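Participant: Handing you this structure, nothing more for now.
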Amino acid sequence: MVKKTINLNVNGKQYELEVEPDIKLVDLIREKIGLTGTKIGCNNGECGACTILLEGEPVASCMMPAFKAHGKNIITVEGLGTAQNLHPLQKAFLAYGAVQCGFCTPGMLMSAKALLDKNLTPTEQDIRQSISGNLCRCTGYKKIVDAILAAAAELRGEHEVKWPVTTGEDVVGSSVTRVDGIPKVTGESKFANDYYFPNMAYAQALRSAHPHALIKNIDIEKAQALAGVLGVYTSKDIPGPNIVGIMPHIKDTPVLAGDKVRHYGDAVALVVAESAEIAEEALRMINVDYEPLPGVFSVEDAIKEDAPKVHEGGNMLLHRKMYRGDIEKGFSEAAVIVEDNFKTRMNEHAYIEPEAGVALYEGGILKVYTITQGAHYHRGEIAVNLKLPVSKVRVIQTTTGGGFGGKIDVSLQVLVALAAFKTGRPVKMAYSREESMITSTKRHPYYMHYKIGARSDGKLTAVQAEIYGDTGAYSSHGPGVLTRTAASIVGPYEVDNLKVDAYCVYTNNPVAGAMRAFGSPQASIAYEALMDELAQKLGISAVEIRRINGYKKGSVIPTGQVLTDGVGFMETFDRVVEKSGFNR
Amino acid sequence: MYWENYYLPETVDEVLKHLKDSNGNTRIMAGGTDLMILVRKGMVKTQGIIDIGNIKELKYIREEGKYIKIGALTTHSQLAESALLKKKARVLALAAGCVGSPQIRNAGTIGGNIVNAHSAADTAIALTALNAQARIKGPEGEKEKPLSELYTGVGKSFVDPTKEIITEFVFETPGENESTAFMRHAKRKALALPILNLGVWLKTNSGKNILEDVRIAVGPMDYKPLRAVETENMLKGQPLTEKTLKSAQETIIKEIKPRDSFQGRAAYKTDMVKVFLARAIVEAVGDLGGRIDG
Chain A
4 MVKKTINLNV NGKQYELEVE PDIKLVDLIR EKIGLTGTKI GCNNGECGAC TILLEGEPVA
64 SCMMPAFKAH GKNIITVEGL GTAQNLHPLQ KAFLAYGAVQ CGFCTPGMLM SAKALLDKNL
124 TPTEQDIRQS ISGNLCRCTG YKKIVDAILA AAAELRGEHE VKWPVTTGED VVGSSVTRVD
184 GIPKVTGESK FANDYYFPNM AYAQALRSAH PHALIKNIDI EKAQALAGVL GVYTSKDIPG
244 PNIVGIMPHI KDTPVLAGDK VRHYGDAVAL VVAESAEIAE EALRMINVDY EPLPGVFSVE
304 DAIKEDAPKV HEGGNMLLHR KMYRGDIEKG FSEAAVIVED NFKTRMNEHA YIEPEAGVAL
364 YEGGILKVYT ITQGAHYHRG EIAVNLKLPV SKVRVIQTTT GGGFGGKIDV SLQVLVALAA
424 FKTGRPVKMA YSREESMITS TKRHPYYMHY KIGARSDGKL TAVQAEIYGD TGAYSSHGPG
484 VLTRTAASIV GPYEVDNLKV DAYCVYTNNP VAGAMRAFGS PQASIAYEAL MDELAQKLGI
544 SAVEIRRING YKKGSVIPTG QVLTDGVGFM ETFDRVVEKS GFNR
Chain B
63 MYWENYYLPE TVDEVLKHLK DSNGNTRIMA GGTDLMILVR KGMVKTQGII DIGNIKELKY
123 IREEGKYIKI GALTTHSQLA ESALLKKKAR VLALAAGCVG SPQIRNAGTI GGNIVNAHSA
183 ADTAIALTAL NAQARIKGPE GEKEKPLSEL YTGVGKSFVD PTKEIITEFV FETPGENEST
243 AFMRHAKRKA LALPILNLGV WLKTNSGKNI LEDVRIAVGP MDYKPLRAVE TENMLKGQPL
303 TEKTLKSAQE TIIKEIKPRD SFQGRAAYKT DMVKVFLARA IVEAVGDLGG RIDG
């Protein structure tokens, strides 16, 4: 391809570069100019992490050919302020806790700057409108809005943002300065995809074309012959057992599927090439001969006697029993019994930073810079599958752009390690948003049947529940999640007689694993609705029935544990009632 | 690799020359907010791009005689913030302000929005309610087409961006006793395609109690913005009363054909179109200082 000259001014500095005519603005900024504060979250113009100012206006640089900026002025987060001389917006983001994972922060700051450049007296509505193209999964936006209001006040010359938040040593009980905050507001924080090494190659995985199928053959010949391809690997190339899994006793997830695929997210081959584009082209040249199998896509179907088996041992991964007291006696003492069925859906964590990692194999040491919520676990899986001693594997957690439980499982860590191990080159692997959604774990969809009894004074007497969790193609944290649900079957409410049967079931759906509060939220959908129904039938208020049953010091939870100190439920509940004004 | 050549012409004549020379291998890009996705997904293939973003002669919103004229490269942000449109053709300013997000509105243009040929594109609904014409320049010279004739199928435009270019949209400036309104319903307030959108232009008598003329555009119903012609005919000459609105609601649900989609179910859209139609008429009439009589 014939290169073309582009002239542009970035953060006040003039650049003249020879680049490919189809390079995108975000890639030019990150890779040719080296300013990695501008992030790629979706590559689709939806998330706003790539927001920069073009002639003062916020635009999505992932959606823009670089040449649209030819002859123009650009400001990125690096042009806002420095660690020594923070812009009021940067100070306010730190002071108000508007920075958490930090991945949306640069784009958010750019949108905020564009607003304040035009309007120093914005209303909350103006601010919400101005950041409506910037997604954040950590803060819930409130802190960001407050920070922008505070920065506007300082820029108007009214009152300065208090920064740093804490100076002394007495930090207990007071807001503290975020330890990794400053690099997150200046764009200097290095997330996994921000690492570049000389001579770096790129890896991409071929994903399954079927939710359930036997693999008859994988033909990699054409892909291997493509110029720029350094290697194409399948399950046969993995030195170790080719199996991972966060539950030590249920390792069921192949790194590269060998004889069978169990969901669309399964990787069947790995390509390493000189560029991500070549790797992508090579993926299209791999021919996989599948024999599609009937699949199971719901718990109802998966537990039928004649259901297709996702794994050889059958689809029932776990039956967790939580029985205590005398359930029949409990229901016989009840003045009112309520009973219903509930269903919840799958949730995606949707952290704004997609999975990424860079691996280097130098001097017998395999080093992996990667997103992770479990560096030691990932190190172990890499070592076992590459047959390396653990002492030869380093996993370095890079600044991680949101996890919420979704970055605990192995995603690309073993794959990118394999790529570096085989080729001897530094190798980067970065998922697209689509690949992230297809492959990452989800919140378990639940099917629940509940029966709860209560005395006429509102005290719960018995709970009976059957819970089915769809863990998808692989276990992940499934058994742990279902066990947690059983242990918090009526959340923070006391009950002495209970019979809970929780089942974790395999299907050909996306894998479900850990997600914020790990099995408790699904149950709350069911029992909170039933608590309201009990209250109605008993003629007491929804607040009162919760006060009567809420955990206090000395309460016994479903597992039999006696709560001694720091229970805190009643105080929390009272504050919520007070603040919300709820009184029914 | 997306494309091999990239041109940044500064005049429409240069664009036409590039198009002629490239023989269908090169296509026009305006803001690129839709095209970049299509190219990345391999749904559009092209050897070259003619980026028309630098053509100053296509960026304007102005009133000329009886008409408002809008250059095809005007961005959604410029439309949404235009004092002229806010005052005289609010339907278009409101519609443009609903598109995507600030980032998308700053890049995306009205011409691109129309050539992308999404039947529920907000500006298309507004332009249809305004009875706009598009001016197109191509190898055979210049032609004018009503907006409704720019759609040839689902996502297919009459305008071929490898051969011709939309330069301008023109519509009659709403005058005395004329007003417009825009309604939109989506799952989120930003970055969401509409479940339903509806634009209205109407004209009352000087007493503001009789509807003399009306145009109603609805999306997403068909491969193009739908004009609710039967409802319009039913409404013409009717007094502005609750009873008239009720009849209009009953008429419009017979003439629209919503489909179940990712955005919403047909039954829901049918219920909502009744609400939107009534609200739009109430708002437009209210804007003229009139009101609906019980």
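Protein chains in written order, with my numbering: chain A, 4 to 587; chain B, 63 to 356.
C-beta atoms are modelled at their ideal positions from N, C-alpha and C, and glycine is treated no differently.
Here the structure is a predicted model, which means the values were calculated and not measured.
Can you tell me which of A:Ile78, A:Ala154 and A:Asp329 puts its alpha carbon nearest to the alpha carbon of Leu97 (chain A)?
Facilitator: Taking the first sequence and counting its residues from 1, one reaches residue 97 (chain A) at position 94. Cα-wise, what sits closest to Leu97 (chain A) is A:Ala154.
Participant: Any residues in the segment 177-192 of chain A with a beta carbon nearer than 8 Å to a beta carbon of chain B? Which ones, in chain order?
Facilitator: If the cut-off is 8 Å between Cβ atoms, the segment 177-192 of chain A has nothing near chain B.
Participant: Buried or exposed: Leu217 (chain A), going by 16 or more other Cβ atoms within 10 Å of its Cβ?
Facilitator: The count along the first sequence starts at 1 and reaches residue 217 (chain A) at position 214. Leu217 (chain A) comes out exposed.
Participant: Going along the chain, which unbroken runs of the alpha helix (DSSP H) with 4 or more residues stay wholly within the segment 105-185 of chain B?
Facilitator: The segment 105-185 of chain B contains these whole alpha helix (DSSP H) runs: 138-143, 145-150, 152-158, 164-169 and 172-177.
Participant: For Asp333 (chain B), which of helix, strand or coil comes out of DSSP?
Facilitator: On the second sequence, position 271 is the one that residue 333 (chain B) refers to. Helix at Asp333 (chain B).
Participant: Per DSSP, what are the beta-bridge partners of Met63 (chain B) in this structure?
Facilitator: Looking up residue 63 (chain B) in the second sequence gives position 1. In the DSSP output, where bridge partners are listed per residue, Met63 (chain B) has none listed.
Participant: Given a cut-off of 8 Å, decide if Glu358 (chain A) and Phe194 (chain A) are closer than it, judged by their beta-carbon atoms.
Facilitator: By one-based count along the first sequence, residue 194 (chain A) stands at place 191. By one-based count along the first sequence, residue 358 (chain A) stands at place 355. Not a contact, by the Cβ cut-off of 8 Å.
Participant: Which same chain residues, not among the five before or five after Ala248 (chain B), have their C-beta less than 7 Å away from its C-beta?
Facilitator: Position 186 of the second sequence, counting from 1, holds the residue named residue 248 (chain B). Correct list, in chain order: Ala254, Leu255, Pro256 and Ile257.
Participant: What does the alpha-carbon distance come out to for the pair Gly408 (chain A) and Pro482 (chain A)?
Facilitator: Within the first sequence, the letter at position 405 stands for residue 408 (chain A). Within the first sequence, the letter at position 479 stands for residue 482 (chain A). Going by the C-alpha atoms only, they are around 15 Å apart.
Participant: From B:Asp184, B:Thr332 and B:Val161, pick the residue whose C-alpha is nearest to that of Glu49 (chain A); which is it?
Facilitator: The count along the first sequence starts at 1 and reaches residue 49 (chain A) at position 46. Closest by alpha carbon: B:Val161.
Participant: For Glu365 (chain A), report the span of its alpha helix (DSSP H) as first-last.
Facilitator: Sequence index remark: in the first sequence, residue 365 (chain A) carries index 362 (1-based). Premise fails: Glu365 (chain A) lies in the beta strand (DSSP E), Ala359 to Glu365, not in any alpha helix (DSSP H).
Participant: I'd like the list of long-range same chain contacts for Val29 (chain A), defined as Cβ closer than 7 Å, with 5 residues on each side in sequence excluded.
Facilitator: In the first sequence, the residue the question calls residue 29 (chain A) occupies position 26. Around Val29 (chain A): Thr41, Ile43, Cys53, Ser64 and Cys65.
Participant: Which term fits Met67 (chain A), buried or exposed, when burial requires 16 or more other beta carbons within 10 angstroms of its beta carbon?
Facilitator: Position 64 of the first sequence, counted from the first residue, corresponds to residue 67 (chain A). It counts as buried.
Participant: Counting C-beta neighbours from all protein chains within 10 Å, is the total for Thr486 (chain A) 16 or more, i.e. buried, or is it exposed?
Facilitator: In the first sequence, residue 486 (chain A) corresponds to position 483, counting from 1. Classification of Thr486 (chain A): buried, given that the 10 Å Cβ count is 16 or more.
Participant: On the DSSP letters alone, give me the boundaries of the beta strand (DSSP E) that Ala272 (chain A) sits inside.
Facilitator: Position 269 of the first sequence, counted from the first residue, corresponds to residue 272 (chain A). Where Ala272 (chain A) is concerned, the enclosing beta strand (DSSP E) stretches over Ala270 to Ala276.
Participant: Among the candidates A:Asn220, A:Leu233 and A:Val182, whose CA atom is the shortest distance from the CA of Arg428 (chain A)?
Facilitator: Sequence index remark: in the first sequence, residue 428 (chain A) carries index 425 (1-based). Of A:Asn220, A:Leu233 and A:Val182, the residue nearest in Cα terms is A:Leu233.
Participant: Give a yes or no on contact between the segment 519-536 of chain A and the segment 444-451 of chain A, applying the rule of three or more CB pairs nearer than 8 Å.
Facilitator: Taking 8 Å as the limit for Cβ pairs, the verdict is that the segment 444-451 of chain A does touch the segment 519-536 of chain A.
Participant: Could you give the first and the last residue of the continuous alpha helix (DSSP H) run that contains His322 (chain A)?
Facilitator: In the first sequence, counting from the first residue as 1, residue 322 (chain A) sits at position 319. Unbroken run through His322 (chain A) is the beta strand (DSSP E), Met319 to Arg327; no alpha helix (DSSP H).
Participant: Helix, strand or coil: which one does DSSP assign to Lys445 (chain A)?
Facilitator: By 1-based counting over the first sequence, the position of residue 445 (chain A) is 442. Correct three-state label for Lys445 (chain A): strand.
Participant: Can you tell me where the alpha helix (DSSP H) holding His162 (chain A) begins and where it ends?
Facilitator: Here the question's residue 162 (chain A) lines up with position 159 in the first sequence. Careful: His162 (chain A) lies outside any alpha helix (DSSP H) and carries neither H nor E.
Participant: Run through chain A and tell me which residues come within less than 7 Å of Leu253 (chain B), C-beta to C-beta.
Facilitator: Locating residue 253 (chain B) in the second sequence gives position 191, counting from the first residue. What Leu253 (chain B) touches in chain A: Glu49 and Gly136.
Participant: Are the beta-carbon atoms belonging to Arg458 (chain A) and Glu336 (chain A) less than 8 Å from one another?
Facilitator: Counting from one through the first sequence, the residue named residue 458 (chain A) turns up at place 455. Counting from one through the first sequence, the residue named residue 336 (chain A) turns up at place 333. In contact: Arg458 (chain A) and Glu336 (chain A) (Cβ atoms closer than 8 Å).
Participant: Can you list the residues of chain A that Leu70 (chain B) reaches, using a CB-CB cut of under 7 Å?
Facilitator: Sequence index remark: in the second sequence, residue 70 (chain B) carries index 8 (1-based). Residues of chain A passing the Cβ test: Phe70 and His73.
Participant: Answer yes or no: do Phe334 (chain A) and Leu369 (chain A) have a C-beta to C-beta separation smaller than 8 Å?
Facilitator: By 1-based counting over the first sequence, the position of residue 334 (chain A) is 331. By 1-based counting over the first sequence, the position of residue 369 (chain A) is 366. No, the pair does not count as a contact, with Cβ atoms beyond the cut-off.
Participant: Reducing DSSP to helix, strand and coil, say where Phe338 (chain B) ends up.
Facilitator: Indexing the second sequence from 1 puts residue 338 (chain B) at position 276. Helix at Phe338 (chain B).
Participant: Beta-carbon of Ala169 (chain B) versus every beta-carbon of chain A: anything under 8 Å?
Facilitator: Residue mapping note: residue 169 (chain B) aligns to position 107 of the second sequence, counting from 1. Taking Cβ atoms only, chain A reaches closer than 8 Å to Ala169 (chain B), which makes this a yes.
Participant: Counting only Cβ pairs nearer than 7 Å, list the residues of chain A close to Tyr64 (chain B).
Facilitator: Taking the first residue of the second sequence as 1, we reach residue 64 (chain B) at position 2. Under the 7 Å cutoff, chain A gives Asp25.
Participant: Counting only the same chain and skipping the five closest in sequence on each side, list residues whose C-beta sits under 6 Å from that of Glu384 (chain A).
Facilitator: Stepping through the first sequence from its first residue, residue 384 (chain A) is reached at position 381. Val247, Val413 and Val417.
Participant: Within a Cβ cutoff of 6 Å, which residues of the same chain sit near Asn344 (chain A), ignoring the five residues on either side of it in sequence?
Facilitator: Your numbering for residue 344 (chain A) matches position 341 in the first sequence. Closer than 6 Å at the Cβ level, and outside the excluded window around Asn344 (chain A), lie His452.
Participant: Does any CB atom of chain B fall closer than 8 Å to the CB of Lys7 (chain A)?
Facilitator: Stepping through the first sequence from its first residue, residue 7 (chain A) is reached at position 4. True, the Cβ-Cβ gap to chain B drops below 8 Å.
Participant: Beta carbons nearer than 7 Å to chain C: which residues of the segment 288-305 of chain B have them?
Facilitator: The displayed structure is made up of protein chains A and B, and chain C is not among them.
Participant: Note down, in chain order, every chain B residue with its Cβ under 8 Å from the Cβ of Thr54 (chain A).
Facilitator: Position 51 of the first sequence, counting from 1, holds the residue named residue 54 (chain A). Simply Gln165.
Participant: Which two residues bound the contiguous beta strand (DSSP E) that contains Leu209 (chain A)?
Facilitator: Locating residue 209 (chain A) in the first sequence gives position 206, where the first residue counts as 1. Unbroken beta strand (DSSP E) run through Leu209 (chain A): Ala204 to Arg210.
Participant: Determine the extent of the alpha helix (DSSP H) in which Ile90 (chain B) is found, giving its start and end residues.
Facilitator: By one-based count along the second sequence, residue 90 (chain B) stands at place 28. No alpha helix (DSSP H) contains Ile90 (chain B), which is instead part of the beta strand (DSSP E) from Thr88 to Met91.
Participant: Taking the DSSP output, what are the residues bridged to Val396 (chain A)?
Facilitator: Taking the first residue of the first sequence as position 1, residue 396 (chain A) is located at position 393. According to DSSP, which records beta bridges pairwise, Val396 (chain A) is partnered with A:Leu369.
Participant: Which first and last residues belong to the beta strand (DSSP E) in which Pro295 (chain A) is found?
Facilitator: As a working mapping, residue 295 (chain A) is identified with position 292 in the first sequence. Taken as a continuous stretch (DSSP letters only), the beta strand (DSSP E) holding Pro295 (chain A) covers Asn290 to Pro295.
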